[in-house]
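Number of protein chains: 2
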Amino acid sequence: MSAPPSAETIASELTEAVHEHRILPGMKLSEDEVGEIFNVGRTVVRQALRTLQHSGLLSIERNRGAFVAKPTVKEAREVFEARALLEPRTARAAAERVTPEDIALLERHIVEEHAALDAEEAGRALKLSGLFHIEIARIADQATVEAFIRQLVSRSSLVIALYWRRRNAMCESHAHHALLDALRRHDGEMAEDLMKGHLLDLVSQLDLREHPAQAPSLREALAR
Amino acid sequence: MSAPPSAETIASELTEAVHEHRILPGMKLSEDEVGEIFNVGRTVVRQALRTLQHSGLLSIERNRGAFVAKPTVKEAREVFEARALLEPRTARAAAERVTPEDIALLERHIVEEHAALDAEEAGRALKLSGLFHIEIARIADQATVEAFIRQLVSRSSLVIALYWRRRNAMCESHAHHALLDALRRHDGEMAEDLMKGHLLDLVSQLDLREHPAQAPSLREALAR
DNA sequence: GGCGTCAAGATTGTGTACAATATTTGCACT
DNA sequence: AGTGCAAATATTGTACACAATCTTGACGCC
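Chains A and B, in that order, give the protein sequences.
Just so it is clear: in the first sequence, position 51 is 51 by the working numbering, and no numbers are missing.
Just so it is clear: in the second sequence, position 143 is 367 by the working numbering, and no numbers are missing.
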């Protein structure tokens, strides 16, 4: 209905849905189906799906279709190892460049995140939590690194959907608050350490043992 | 001619051409032209171009076409800052996991790189030089980081095309040799330091002052 | 009844025609 | 001659038709 959205719009909407866990790993995204939802032809849908594939959210299998990626345990570890390489130093750089406007924006982010948690909207809280990390990269004025972190945050959403231990609470709000304090004081060293610890915390809350659930296909699950 | 190549094949060929400086920043890649060269329809070409866009090699302007990206000075710095975050630690990890087969492969790489330099094939030498860095990420068994480094190496080729000081020699072969030695001895610490220094060396050989040459369009070059 | 083969259906892959838009060229007018 | 507008050209954006491939269900055979 109304104006036909562009491929970028569709890609954004789908990405946001993944961030909010409204779209879960393994789900199939049929071209016709997505096209009907957004009132566009398959050509535009295919562009959007390819975009999401390149950012690692979809796995497109030839003549089979596009499926939301199901990161293996190894990939899950790799995502957080990559984040551990990029984000702490980026947080340090952000602490040195952060402006009062940035601080205010991050404060609003945290408030909204808390509000979402109180409203039991875990998906929205998760999305906002990811945006917090992306904002830090933006503040550091490192567009290239920011693009990488965007990808990693997106893929982290998939990892969390698959491997998160406790569904009830996401008790990481304290970490973001502490980071914000360090940024406010332009304490780069502290920001770097906090980010490093925060990421380690996140990984420690995942269950990254080799589950059966991660079998990519039924064939492998039942093979012996 | 003969068998029609897939979109991935075309993307690889174009990427390789960029690595070898056969395709230079600013060049326009017309869909029809590329399609005729590879004997495929525009549909497949567009897929390949989108892929290259997502890896940062092309900038696609709506209703204008696809142009090989011309990184600004800022982007050039960002690329090497990102590499400085990712590659040293990755080299350390590689030193801990490297196998004799990997060592042999890297040795061949270096030999070929020297041969290319002797044969005055600067483009081929540059491509092999980039592959050396990618191989190290592969050896580290970090597929996610490897994908990022691939992007960064590609974009580095564009940066070098635009900002390299001396066209004659690429006197970095020593650095790769030293890195290989560290890997052979499983000396992670040394490998990390060498990689860090190597990347700093590379940046120092660039002319990243704000030249006029970086004007994206004639319009800007002559605007006053 | 179990199993293999094959046909029907559905979904994606690709080429192409047409529409939309940008660029260039020519022309009229000042 | 210079400038502004308009038509012509060329290139990309989108939709659609057809081909290729996979999945599913049915039928016949053992």
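Virtual Cβ for every residue (Gly too), placed ideally from N, Cα, C.
Computed from a prediction, not measured in an experiment: that's the story for all the values here.
- DSSP, read as helix, strand or coil, puts residue 336(B) in helix.
- In this structure, the CA atom of residue 431(B) is about 5 Å from the CA atom of residue 387(B).
- Ranked by Cα distance from residue 314(B), the first of 402(B), 358(B), 259(B) and 244(B) is 358(B).
- Per DSSP, residue 59(A) is one residue of the beta strand (DSSP E) stretching across 58-61.
- When the five nearest sequence neighbours on each side are left out, the beta carbons in the same chain lying within less than 8 Å of the beta carbon of residue 378(B) are those of 239, 242, 243, 279, 280, 281 and 354, in order along the chain.
- Our two residues, residue 187(A) and residue 43(A), have alpha carbons roughly 49 Å apart in a direct line.
- DSSP places residue 231(B) in no beta strand (DSSP E) but in the uninterrupted alpha helix (DSSP H) bounded by 231-243.
- Under the DSSP definition of a beta bridge, residue 66(A) partners with 29(A) and 60(A).
- Under the three-pair Cβ rule at 8 Å, the region 340-351 of chain B does not count as touching the region 287-302 of chain B.
- The C-beta distance from residue 269(B) to residue 247(B) rounds to 15 Å, too long to meet the 8 Å contact threshold.
- With respect to the C-alpha of residue 149(A), the residue from 88(A), 25(A) and 73(A) having the closest C-alpha is 88(A).
- Residues of the region 52-74 of chain A whose Cβ lies closer than 7 Å to any Cβ of chain B, in chain order: 54.
- In this structure, residue 106(A) places its C-beta atom within 8 Å of the C-beta atom of residue 132(A).
- Nearest Cα to residue 204(A) within the set 6(A), 159(A) and 99(A): 159(A).
- Closest in alpha carbon position to residue 366(B), among 84(A), 189(A), 183(A) and 51(A), is 84(A).
- Within the region 308-331 of chain B, those residues whose Cβ lies closer than 7 Å to any Cβ of chain A are, in chain order, 309, 310 and 313.
- In the structure shown, residue 430(B) falls within a strand segment according to DSSP collapsed to helix, strand and coil.
- Residue 137(A) and residue 97(A) have their alpha carbons spaced roughly 11 Å apart.
- When C-alpha distances from residue 337(B) are compared across 401(B), 265(B) and 420(B), the shortest belongs to 401(B).
- Contact note: residue 145(A) reaches chain B through 302, 305, 306 and 309, using a C-beta cutoff of 9 Å and chain order.
- With the criterion set as a beta carbon lying under 8 Å from some beta carbon of chain A, the members of the region 257-278 of chain B are 271, 274, 275 and 278, in sequence order.
- Against residue 148(A), the close residues of chain B are 306 and 372, in the order they occur along the chain (beta-carbon pairs closer than 8 Å).
- The alpha-carbon separation between residue 6(A) and residue 286(B) amounts to approximately 12 Å.
- Taking a Cβ-Cβ threshold of 7 Å, the residues of chain A close to residue 366(B) are 78 and 81, in chain order.
- The residues 228, in chain order, have a CB closer than 6 Å to that of residue 264(B) in the same chain once the five nearest residues on each side in sequence are set aside.
- Rounded to the nearest whole angstrom, the CA to CA distance from residue 416(B) to residue 86(A) is 16 Å.
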